[in-house]
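Oh and the sequence shown: position 368 is 367 in numbering that gives the first Met the number 0, straight run, nothing missing. We put the CB at the ideal spot given by N, CA and C, even for glycine. Here's the structure, in structure tokens; my notes come after.
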Amino acid sequence: MDNCLKKYYIITYGCQMNLHESEKIAGILTELGYSATNSEVDADIIVFNTCCIRENAEDRAEGNIGALKKLKKQKKDLIIAVGGCMTQQPGFAQKLHEMFPFVDIIFGTHNLERFKELLEKKLSQKKTLIAVDEKEGEIIEGTPKTRTSFPNAWVNITYGCNNFCTYCIVPYVRGRERSRSMENILKECKDLVKQGYKEITLLGQNVNSYGKDLENTSFAKLIEEVSKIEGDFRLRFMTNHPKDFNEDLIRAISVSKKACKTVHLPVQAGSNRILKLMNRKYTREDYLEKVKLLRQYIPDVSITTDIMVGFPTETEEDFLDTVDLVKQVGFAGAFTFIYSKRDGTPAAKMDGQVDEEISKTRIMKLIDLQNETNRKQSETYLNKTVQILCEGFDDKKGMYLGRDTYGRMAYFKSETDLIGQFVDVKITKTGGISLIGELV
Ligand code: SAH
Ligand code: SF4
Ligand code: F3S
Numbered sequence: 000m001d002n003c004l005k006k007y008y009i010i011t012y013g014c015q016m017n018l019h020e021s022e023k024i025a026g027i028l029t030e031l032g033y034s035a036t037n038s039e040v041d042a043d044i045i046v047f048n049t050c051c052i053r054e055n056a057e058d059r060a061e062g063n064i065g066a067l068k069k070l071k072k073q074k075k076d077l078i079i080a081v082g083g084c085m086t087q088q089p090g091f092a093q094k095l096h097e098m099f100p101f102v103d104i105i106f107g108t109h110n111l112e113r114f115k116e117l118l119e120k121k122l123s124q125k126k127t128l129i130a131v132d133e134k135e136g137e138i139i140e141g142t143p144k145t146r147t148s149f150p151n152a153w154v155n156i157t158y159g160c161n162n163f164c165t166y167c168i169v170p171y172v173r174g175r176e177r178s179r180s181m182e183n184i185l186k187e188c189k190d191l192v193k194q195g196y197k198e199i200t201l202l203g204q205n206v207n208s209y210g211k212d213l214e215n216t217s218f219a220k221l222i223e224e225v226s227k228i229e230g231d232f233r234l235r236f237m238t239n240h241p242k243d244f245n246e247d248l249i250r251a252i253s254v255s256k257k258a259c260k261t262v263h264l265p266v267q268a269g270s271n272r273i274l275k276l277m278n279r280k281y282t283r284e285d286y287l288e289k290v291k292l293l294r295q296y297i298p299d300v301s302i303t304t305d306i307m308v309g310f311p312t313e314t315e316e317d318f319l320d321t322v323d324l325v326k327q328v329g330f331a332g333a334f335t336f337i338y339s340k341r342d343g344t345p346a347a348k349m350d351g352q353v354d355e356e357i358s359k360t361r362i363m364k365l366i367d368l369q370n371e372t373n374r375k376q377s378e379t380y381l382n383k384t385v386q387i388l389c390e391g392f393d394d395k396k397g398m399y400l401g402r403d404t405y406g407r408m409a410y411f412k413s414e415t416d417l418i419g420q421f422v423d424v425k426i427t428k429t430g431g432i433s434l435i436g437e438l439v
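Next up, the structure:
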């Protein structure tokens, strides 16, 4: 069979980790002779890499899978595969198979590295192939990757999560926390810098607990070692967990010549009662103390966060505690979410589920507050020159774009392609969260 002209199309939902896993699926398909297409209609294989963190992520995936029924009827040889966190939920693969019998392969997060094997097996059988292992296996190294985010490269450092925040499905669909060996991480980072990548983002559900299952190592040590790699690149990492974000690590970030001056530190809520119900294992005072310490070491650090509203039993008073904390910290950015009930998590069984309309009002208040902070922080950039790593081109705006060390996005015009280069940009206009400037 001539595979040269075969095309793949991957649709990814969810977090950076999932985007990176799609790069692995793309890598496997590339090795099998497929090439990428950005049109579903041209594809010989369509892969959905799904997310189930909130109900709307699942609804979107289900809607898009359902919409392929017609295409599959017209194109008998088309392979449709569905993988990722959604399929890993207990009983979900079977449910998906019943809802969408035309789907050819259903695979879980623990089966991703074996995608080649699954595809080959499917090609030799007619019926749907369901391969969802209940338990995670050992870390598999050496999976090929077709990277899609140059000049940034994602590097896994831990898989899974042991924290069991009571609202969160991740520990159930990604298994227990496992750290990759420092040696393998460093080798991957060195290779990436050699290949010309200018930004490395270390990935884990809780990067701060890296190495707890290994000997004599820690995330602080990893930052130190990655920072020693020669070459011109930036280092980012996500996500941090306030309970494990400690002074050793803050020190390592502050002395690193590569680490960006930005830390994503999800707080989730500002009320101690809610934080306890969420099983976050820190108080608002602990959080504010860590922010203070971080700013002592790196006074100009930008701190971003995730916040949730409408967790079961959240009162107006609890919410105002969150608002107060947001005001006190002055985040450089915040991802805000309405709590979404996830079957199988402890919070789903809690009394006092909050009315959707109340949650909507609360999230709007938070968004308004954060927009105001963004606007004020952006204004401080006016007429300043900042170093930007050019990441891409925005077709709509007709401008290049990139971020500074604080993670702030800037747009600018250029006659030549600057993607992957560090450039100096003078900020001439500020709006909401992003900036507009001119090359200097
Ligand atoms: N491991 C990371 C990210 C987890 S998912 C962390 O601990 O921060 C990203 C964000 O989604 C979380 O920070 C949380 O704010 C949000 N989230 C997780 N579960 C959710 C749920 N059931 N409903 C709404 N938001 C949720
Ligand atoms: Fe979910 Fe909490 Fe783990 Fe983050 S740390 S993935 S929110 S359980
Ligand atoms: Fe990520 Fe969604 Fe899974 S946020 S870990 S893809 S549930």
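Tell me the rounded alpha-carbon separation between L368 and K340.
25 Å
Whole-angstrom Cβ separation of D212 and R177, contact assumed at under 8 Å?
6 Å
Answer yes or no: the CB of C84 versus the heavy atoms of the ligand SF4, is any distance below 7 Å?
no
Could you name each continuous alpha helix (DSSP H) segment of 4 residues or more that falls completely within the stretch 142-222, going from the start of the chain to the end?
169-173 and 181-193
Starting from D285, trace the alpha helix (DSSP H) both ways and give me its first and last residue.
R283 to Y296
What do you get for V440, buried or exposed, if any count of 16 or more other CB atoms within 10 angstroms of its CB means buried?
Nothing can be reported for residue 440, as the shown portion of the chain is limited to 0 through 439.
Cα separation between V385 and D403?
7 Å
Using the C-alpha atoms, what's the distance from I337 back to I357?
10 Å
With F114 as the anchor, note down where its alpha helix (DSSP H) starts and where it stops.
F114 to L122
Own chain partners of C84 with C-beta closer than 8 Å, once the 5 adjacent residues on each side are dropped
G13, N17, T49, C50, C51, I52, T108, I168, V169, V172 and R173
Distance, Cα to Cα, K197 vs E30?
25 Å
Which same chain residues, not among the five before or five after M0, have their C-beta less than 7 Å away from its C-beta?
Residue placement at M0 cannot be trusted, given a pLDDT of 47 that sits under 50; what the coordinates show is reported in the next sentence. Correct list: empty, nothing qualifies.
Taking only the alpha-carbon atoms, compute the straight-line gap between E223 and E187 and give it to the nearest angstrom.
16 Å
Under 6 Å Cβ to Cβ from K428, same chain only, skipping five residues before and after it: list those, please.
I435
Length of the line joining the Cα atoms of I432 and A66
35 Å
If we ignore side chains and look at the alpha-carbon of each, how far apart do I10 and K71 end up?
16 Å
Which listed residue (V290, I273 and V225) has its alpha carbon closest to that of T314
I273
Is it the case that the Cβ atoms of T304 and A268 are separated by a distance below 8 Å?
no
Taking 6 Å as the limit between beta carbons, can you name the residues of its chain near G90, skipping five residues before and five after?
none
Please name the residue or residues paired with L400 in a DSSP beta bridge.
G391 and Y410
The beta strand (DSSP E) spanning E316 covers which residue range?
Counting along the chain, E316 falls outside any beta strand (DSSP E), though it belongs to the alpha helix (DSSP H) covering E315 to V328.
Pull every residue with its beta-carbon under 6 Å away from any heavy atom of the ligand SF4, and keep them in chain order.
C160, N162, F163, C164, C167, V169, P170, Q204, N205 and H240
Is Y410 closer than 8 Å to K396 when the C-beta atoms are compared?
yes
From which residue to which residue does the beta strand (DSSP E) around F91 run?
Where F91 is concerned, there is no enclosing beta strand (DSSP E), although the alpha helix (DSSP H) it sits in stretches over F91 to M98.
For G26, which three-state DSSP category applies?
helix
A130 CB to nearest chain C CB: under 8 Å?
Structure shown: chain C not included; a single protein chain is present.
Taking a contact to mean a Cβ-Cβ separation below 8 Å, would you say M277 touches T165 in this structure?
yes
Just mark N2 as buried or exposed, buried being the case when its beta carbon has 16 or more other beta carbons within 10 Å.
Residue placement at N2 cannot be trusted, given a pLDDT of 48 that sits under 50; the coordinates are not used to answer.
By Cβ distance, which residues of its chain are closer than 7 Å to S34, with the 5 residues on each side in sequence left out?
K6
Can you tell me which of the three DSSP states N82 falls into?
The sequence shown places Gly at residue 82, rather than the Asn named in the question. Residue state, collapsed to three classes: strand.
Using beta-carbon positions only, say whether S377 and G430 come within less than 8 Å of one another.
yes
In DSSP terms, what N48 is bridged to:
T11 and G82
Can you give me the C-alpha to C-alpha distance between H96 and L128, rounded to a whole angstrom?
10 Å
Around the Cβ of N373, are there at least 16 other Cβ atoms within 10 angstroms (buried) or fewer (exposed)?
buried
Using the C-alpha atoms, what's the distance from N239 back to A258?
14 Å
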